[in-house]
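Have a look at the structure below before the remarks.
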Amino acid sequence: MADTAMSSAGTAWGEDPLQRAIWRLRSRGCWSDAAELLTPHAGAPGPAVQRTALLVERCLFTGQGWAEAEEALRHAEAVAREDDERGAAACERGQLAYAATVLGVRDRADEARSALGRAAALLAPGSRTRPLLDFRRGLVAEHLADSPQSAKPAYRRAHAGALAQGDTLLLSFTWRHLAGLALRDGELAEARQGFSESLRIREELGFLVGTAPALAALAEAEPEPEATRLRAEATRLFRLLGGIPTWLADQLTPSPAT
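Taking the working numbering, the leading residue of the sequence shown gets 116, the next gets one more, and so forth.
Shown next as structure tokens:
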């Protein structure tokens, strides 16, 4: 299952009390509560897209809340006025369609590609949403089109953009997915470095709901007994958070002995 990213808005960075409160809730898997803080501001395009992104992320981690995310998305599309705002909303539509497809809810792969293509046409080259869009196009290439050779340059563009913009959280996602491609190619040293960087960033930011997947990913590239230790820690956090992300359960369940 692919680890996925949303906008860095609502992280621990900055002095905005609202954004700090949103981050505290989001990082612990309380997406509905975080989105509720934005409801009074959702008449403006920026908060409307951020609220949508939180609810889309909840779908990805829990497999629930699809109708509420769709409603928030339609509202964000309706209040968008500028191309960058429309592009950001289209990027979230692509992510929601991707999530529904990859989680097996409904095949919306064509919608995901179309929405992300529309976002690419609307967003200026220097838009702050562009690195996130590049990352999500990489996800579609890797996990819907089964084309890792197309995903890698998209992830690299996203990585470079996240570095340029100081989007540390997005870097944790690009590190992880580039590492996953390296592991797929048998490049263990490169994979360990990427997975380790992803885990380090998430621990430093306090992104608790993203830490168990990062631990489990690193375990895939480490020898025993370190791999077992990492999976045990991932399992502890997974249970602490009530079994989210739900898609991690299969990865943490040992295969039956043959």
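The beta carbon of each residue, even a glycine, is placed where N, CA and C say it ideally should be. Since this is a predicted model, take the numbers as computed values, not measurements.
Close beta carbons around residue 293, own chain, < 6 Å, minus the five adjacent residues each side | Taking the sequence shown and counting its residues from 1, one reaches residue 293 at position 178. The beta carbon of residue 293 sits closer than 6 Å to those of 270, 309, all from its chain and outside the five residues before and after it, given in chain order.
Is it true that the region 320-328 meets the region 129-137, where meeting means three or more beta-carbon pairs spaced less than 8 Å apart?
-> In this structure the region 320-328 does not lie against the region 129-137, because fewer than three pairs of beta carbons, one per stretch, are closer than 8 Å.
7 Å Cβ cutoff, residue 306 in contact with chain D | Protein chain content of the structure displayed is limited to a single chain, and chain D is not contained in it.
Outcome for residue 216 when other beta-carbon atoms lying within 10 angstroms are tallied against a minimum of 16 | Here the question's residue 216 lines up with position 101 in the sequence shown. Buried.
Whole angstroms is fine: what's the gap from residue 339's alpha carbon to residue 330's?
-> As a position in the sequence shown, residue 339 is number 224, starting the count at 1. As a position in the sequence shown, residue 330 is number 215, starting the count at 1. Each residue's alpha carbon lies about 14 Å from the other.
Roughly how many whole angstroms lie between the Cα atoms of residue 241 and residue 368?
-> By 1-based counting over the sequence shown, the position of residue 241 is 126. By 1-based counting over the sequence shown, the position of residue 368 is 253. Between residue 241 and residue 368, the C-alpha separation is close to 43 Å.
Report yes if the C-beta distance between residue 211 and residue 255 is below 7 Å; otherwise report no.
-> Locating residue 211 in the sequence shown gives position 96, where the first residue counts as 1. Locating residue 255 in the sequence shown gives position 140, where the first residue counts as 1. Contact: no.
Mind listing, in chain order, the continuous alpha helix (DSSP H) runs of no fewer than 4 residues lying wholly within the region 195-276?
-> Within the region 195-276, the complete alpha helix (DSSP H) runs of at least 4 residues are 198-217, 224-237, 245-254.
Nearest-angstrom Cα distance between residue 244 and residue 238?
-> By one-based count along the sequence shown, residue 244 stands at place 129. By one-based count along the sequence shown, residue 238 stands at place 123. Spanning the alpha carbons of residue 244 and residue 238 requires a straight line of approximately 7 Å.
Would you kindly check if the distance between the Cβ of residue 345 and the Cβ of residue 334 is under 7 Å?
-> Locating residue 334 in the sequence shown gives position 219, counting from the first residue. Locating residue 345 in the sequence shown gives position 230, counting from the first residue. Yes; because the gap between Cβ atoms is below 7 Å, this pair is in contact.
Proximity of residue 234 and residue 260 at Cβ, strictly below 7 Å = Residue mapping note: residue 234 aligns to position 119 of the sequence shown, counting from 1. Residue mapping note: residue 260 aligns to position 145 of the sequence shown, counting from 1. No; because the gap between Cβ atoms is not below 7 Å, this pair is not in contact.
May I have the straight-line CA-CA distance separating residue 186 from residue 168, to the nearest angstrom?
-> Taking the sequence shown and counting its residues from 1, the one referred to as residue 186 is at position 71. Taking the sequence shown and counting its residues from 1, the one referred to as residue 168 is at position 53. About 12 Å.
Within this structure, are the beta carbons of residue 298 and residue 306 separated by less than 7 Å?
-> Taking the first residue of the sequence shown as 1, we reach residue 298 at position 183. Taking the first residue of the sequence shown as 1, we reach residue 306 at position 191. Taking 7 Å as the Cβ cut-off, residue 298 and residue 306 qualify as a contacting pair.
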